[in-house]
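Everything in the sequence shown is counted per the working numbering, starting at 701 for the first residue and increasing by one.
By construction, the Cβ of each residue, glycine as well, lies at the ideal position given by its N, Cα and C atoms.
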Amino acid sequence: EEATAREQDVRLRATESIAAQTLAEKVLRFEDETRELRGRLADEEATAREKVLRFEGEFQELRRRLADEEATAREQDVRLRATESIAAQTLAEKVLRFEDETRELRGRLADEEATAR
Numbered sequence: 701e702e703a704t705a706r707e708q709d710v711r712l713r714a715t716e717s718i719a720a721q722t723l724a725e726k727v728l729r730f731e732d733e734t735r736e737l738r739g740r741l742a743d744e745e746a747t748a749r750e751k752v753l754r755f756e757g758e759f760q761e762l763r764r765r766l767a768d769e770e771a772t773a774r775e776q777d778v779r780l781r782a783t784e785s786i787a788a789q790t791l792a793e794k795v796l797r798f799e800d801e802t803r804e805l806r807g808r809l810a811d812e813e814a815t816a817r
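In structure tokens, the structure reads:
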């Protein structure tokens, strides 16, 4: 019985040793996979940060361009309004001159008709 007990004890210890070794190998593989995944995650995060920075730079450039275009549009609007104002003033002056000339011609025509009668 002692021999059987020793044999069973040896088998049990061998089984425990194999189980411990298998578990240790699994832990090592898990640690390797974890390191690999952490490395890949760090790479992905770095790539994402680069993309975000590039996007922010492009966004700032677009905002700057938009501000420039808005400023140009405001300047063009001011010039257009000034031109329209000058054109309206010039037209108003021409209309007044035309009305004055029309009154003068009507007066002369009336004088001519009166003289003719």
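CA-to-CA distance, residue j to residue i, given in whole angstroms
| i | j | result |
| --- | --- | --- |
| Thr772 | Val795 | 34 angstroms |
| Arg779 | Arg763 | 24 angstroms |
| Arg803 | Ala814 | 16 angstroms |
| Thr734 | Ala742 | 12 angstroms |
| Leu791 | Glu758 | 48 angstroms |
| Val710 | Ala720 | 15 angstroms |
| Gln760 | Gly739 | 31 angstroms |
| Glu707 | Lys726 | 28 angstroms |
| Glu801 | Asp777 | 35 angstroms |
| Glu701 | Leu728 | 40 angstroms |
| Glu731 | Ala724 | 10 angstroms |
| Val752 | Asp768 | 24 angstroms |
| Thr722 | Arg754 | 47 angstroms |
| Ala748 | Thr783 | 51 angstroms |
| Glu750 | Glu756 | 10 angstroms |
| Phe798 | Glu775 | 34 angstroms |
Residue i - DSSP class collapsed to helix/strand/coil
| i | result |
| --- | --- |
| Glu701 | coil |
| Arg711 | helix |
| Arg738 | helix |
| Arg817 | coil |
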